[in-house]
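The numbers in UniProt numbering rise by one with no breaks, and the one at position 443 of the sequence shown is 443. The beta carbon of each residue, even a glycine, is placed where N, CA and C say it ideally should be. Here is the structure we will look at.
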Amino acid sequence: MSRALSLRRSLLHLHHHRTNPLSPTTPPPPKPIQNPFAPLYPTRKFCTSPTPIPSTNSEVRKYIGYTALVIFCGAATYYSFPFPDNAKHKKAQLFRYAPLPEDLHTVSNWSGTHEVQTRNFYQPENIEQLEKLVKENNEKKARIRPVGSGLSPNGIGLARSGMVNLALMDKVLEVDKEKKRVRVEAGIRVQELVDGIKEYGLTLQNFASIREQQIGGIVQVGAHGTGARLPPIDEQVVSMKLVTPAKGTIEISKEKDPELFYLARVGLGGLGVVAEVTLQCVERQELVEHTFISNMKDIKKNHKKLLSENKHVKYLHIPYTDAVVVVTCNPVSKWKGPPKYKPKYTTNEALQHFRDLYKESLETYRIAAAKSSDDNEPDINELSFTELRDKLLALDPLSKDHVVKINRAEAEFWAKSEGYRVGWSDEILGFDCGGQQWVSENCFSCWYPCQAKLERP
């Protein structure tokens, strides 16, 4: 009983002390009575955080704002996702993909490595439509860029602001057999031009590897072929007809306006749209092509000799190997005739290692079953060398070990493909470059002797 009264007095003292904290006469509170049944060591609380405070109105508004932001971002992502083909021309509805505008054109380069979308893609059918087009865009202060077949692997010819393509202006206008000259519309492709003038016994002086370029484009970019003594394509131009924004249609040549003529030949379309071109041709002739394998050491040693002794010379270095494919072309000798040479290997024998590597790679990447069940997949024996190489690279293009295997197989293919081939110049000088080309383009100064650039690391 006395113990309970003592505890009550202690609690009253403690209450009085809390209600009068500033009272100087308040005695210090007595020490609490320890429970005799308490454990020897005090227990520790599981949590020392204060009791949670109820959410205020500002916090509620904050979380509502976060929720609205998440919903908005989700909706924006949904409607900006790429559209399926079957939804491009459907009416936009809630929770469906929005349609692409009907006037939106998707333009890609030749190898399919770059593309752009634009609402302004023009293809005039004659020079009158081209003149009207250039005039109207000039009055509206709208920019349009001339674009050919898009052979450049870096996509430099593509522009969202607008493009004009002369693919529908592809006629041979005049052939002068005596002067060996031909006047054509700028949209004609190289192969079409060559086929159109072969009946006159004429052809171009030089060719690039690919024949899909439009004449206007191949001239404006200063394209070239092979051969140290042969000029680039722009050197074959005799005269040009330009459609300009300020001066209308002008005809330029070395005789009329030599300074502007030299500037406009390789103008990249910046001085006007090339509408017509007159080219200096040569007589059609047969060539002997010789393909063989060399190495970097021998190429450096014999480079000058190869350039001086052959009309056309082409080098193809295969990375991760020391192999260099050398292709030379020369006119057929009138006295000796074409060389008599029997190849050591057939085409199937040269391709066999490539085919074996392709089958092995399909098993490695575990897609052989899918390939065999695909009815549209062509027979491996029907694929050419470049088609096989493209399919092999597509399996794992970023794997160095995989690319090294492919390149070694390519070196073996070229070693077994050594030999001679005879044909017309417009047939021989082309080259199958394969599929997509991801190219790192570099510019470097060139000086005499040419051996200097081969000695760079």
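Relative to the C-alpha of residue i, which candidate in the options has its C-alpha closest?
{"i": "asparagine 109", "options": "Gly74, Pro153, Ala75 and Ile144", "result": "Pro153"}
{"i": "alanine 350", "options": "Val175, Leu393, Ala409 and Glu360", "result": "Ala409"}
{"i": "valine 404", "options": "Lys344, Tyr341, Glu427 and Ala323", "result": "Ala323"}
{"i": "histidine 224", "options": "Tyr200, Pro245, Val266 and Ile188", "result": "Val266"}
{"i": "residue 512", "options": "Pro319, Lys297 and Leu392", "result": "One cannot answer for residue 512 here, as it falls past the ends of the chain, which runs 1 to 457."}
{"i": "glycine 155", "options": "His114, Asp176 and Leu133", "result": "His114"}
{"i": "leucine 287", "options": "Lys177, Lys135 and Gly430", "result": "Gly430"}
{"i": "proline 397", "options": "Ile380, Asn381, Leu383 and Tyr365", "result": "Tyr365"}
{"i": "lysine 400", "options": "Glu418, Pro319, Asn381 and Phe385", "result": "Pro319"}
{"i": "asparagine 330", "options": "Thr386, Arg229 and Lys300", "result": "Arg229"}
{"i": "lysine 171", "options": "Glu136, Gly196 and Ser253", "result": "Gly196"}
{"i": "glutamine 129", "options": "Lys140, Ser111 and Val164", "result": "Val164"}
{"i": "proline 343", "options": "Glu418, Asn302 and Lys140", "result": "Glu418"}
{"i": "glycine 162", "options": "Val194, Tyr66, Phe121 and Ser384", "result": "Phe121"}
{"i": "valine 282", "options": "Gln123, Lys198 and Val60", "result": "Lys198"}
{"i": "isoleucine 428", "options": "Lys336, Ala264 and Lys311", "result": "Lys311"}
Does residue i pass the burial test, meaning 16 or more other C-beta atoms within 10 Å, or should it be called exposed?
{"i": "histidine 317", "result": "exposed"}
{"i": "serine 58", "result": "exposed"}
{"i": "proline 146", "result": "buried"}
{"i": "alanine 208", "result": "buried"}
{"i": "leucine 14", "result": "Because the pLDDT of leucine 14 is 47, which lies under 50, any placement of that residue in the model is unreliable, and the number read from its coordinates should be weighed accordingly. The residue in question, leucine 14, is exposed, as its Cβ has fewer than 16 Cβ neighbours within 10 Å."}
{"i": "cysteine 73", "result": "exposed"}
{"i": "threonine 226", "result": "buried"}
{"i": "valine 243", "result": "buried"}
{"i": "valine 70", "result": "exposed"}
{"i": "serine 425", "result": "buried"}
{"i": "glycine 201", "result": "exposed"}
{"i": "isoleucine 64", "result": "exposed"}
{"i": "threonine 203", "result": "buried"}
{"i": "asparagine 126", "result": "exposed"}
{"i": "glycine 112", "result": "exposed"}
{"i": "serine 308", "result": "exposed"}
{"i": "valine 194", "result": "buried"}
{"i": "serine 149", "result": "buried"}
{"i": "lysine 256", "result": "exposed"}
{"i": "proline 124", "result": "buried"}
{"i": "leucine 263", "result": "exposed"}
{"i": "leucine 158", "result": "buried"}
Spatial neighbours of residue i within its chain, please: CB distance less than 7 Å, with the 5 preceding and 5 following residues excluded, ordered by chain position.
{"i": "alanine 186", "result": "Leu166, Met169, Gln214, Ile215, Gly216, Val274, Ala275, Glu276 and Val277"}
{"i": "glutamine 280", "result": "Lys180, Arg181, Gln236 and Val238"}
{"i": "lysine 241", "result": "Thr249, Glu251, Ala275 and Glu276"}
{"i": "serine 294", "result": "Val324 and Val326"}
{"i": "glycine 269", "result": "Arg145, Pro146 and Gln220"}
{"i": "threonine 43", "result": "Confidence is the limiting factor: at threonine 43 the pLDDT is only 47, short of 50, which leaves the residue's position unreliable and the question unanswerable from this model."}
{"i": "leucine 422", "result": "Reading the sequence as shown, one finds valine at residue 422 and not leucine. Answer for valine 422: Glu286, Val288, Val332 and Pro338, listed in chain order."}
{"i": "tyrosine 358", "result": "Ile380, Leu388, Lys391 and Leu392"}
{"i": "serine 361", "result": "Leu392 and Leu395"}
{"i": "glutamate 192", "result": "Asp170"}
{"i": "proline 245", "result": "Val134 and Asn138"}
{"i": "glutamate 412", "result": "His353"}
In this structure, what does DSSP give as the bridge partners for residue i?
{"i": "proline 245", "result": "DSSP output for proline 245 lists no bridge partner at all."}
{"i": "lysine 136", "result": "Just to set this straight, residue 136 is glutamate in the shown sequence, not lysine. None; glutamate 136 has no bridge partner."}
{"i": "methionine 163", "result": "Phe121 and Arg145"}
{"i": "aspartate 390", "result": "Answer is none; aspartate 390 lacks a bridge partner."}
{"i": "methionine 240", "result": "Ile252 and Val277"}
{"i": "lysine 314", "result": "Val327"}
{"i": "leucine 351", "result": "For leucine 351, which the question treats as bridged, DSSP gives no partner whatsoever."}
{"i": "histidine 290", "result": "Thr328 and Tyr420"}
{"i": "histidine 105", "result": "Thr118"}
{"i": "glutamine 285", "result": "Note: glutamine 285 sits in no beta bridge, so no partner."}
{"i": "valine 182", "result": "Val175 and Leu279"}
Excluding the five sequence neighbours on either side, which residues of its own chain have a C-beta within less than 6 Å of the C-beta of residue i, listed in chain order?
{"i": "arginine 183", "result": "Leu173, Glu174 and Thr278"}
{"i": "valine 190", "result": "Arg211 and Gln213"}
{"i": "lysine 416", "result": "Tyr345 and Ala350"}
{"i": "histidine 414", "result": "This sequence places tryptophan at residue 414; histidine is not what is there. Excluding sequence neighbours, tryptophan 414 sits near Ile293 and Val325."}
{"i": "histidine 290", "result": "Thr328 and Tyr420"}
{"i": "lysine 177", "result": "Tyr200"}
{"i": "leucine 306", "result": "Val313"}
{"i": "asparagine 137", "result": "Ile144"}
{"i": "asparagine 206", "result": "Gly225 and Leu230"}
{"i": "leucine 260", "result": "Ile252"}
{"i": "isoleucine 218", "result": "Ile233"}
{"i": "histidine 402", "result": "Asp396"}
Can you find the residues in the same chain that come closer than 8 Å, C-beta to C-beta, to residue i, ignoring five residues on each side of it along the sequence?
{"i": "arginine 389", "result": "Phe354, Ile406, Glu410 and Gly434"}
{"i": "alanine 75", "result": "none"}
{"i": "threonine 106", "result": "Glu115, Val116 and Gln117"}
When you measure from the CB of residue i to every non-hydrogen atom of the ligand GDP, does any distance come out below 7 Å?
{"i": "lysine 180", "result": "Absent from the structure shown: the ligand GDP. Ligands present: none."}
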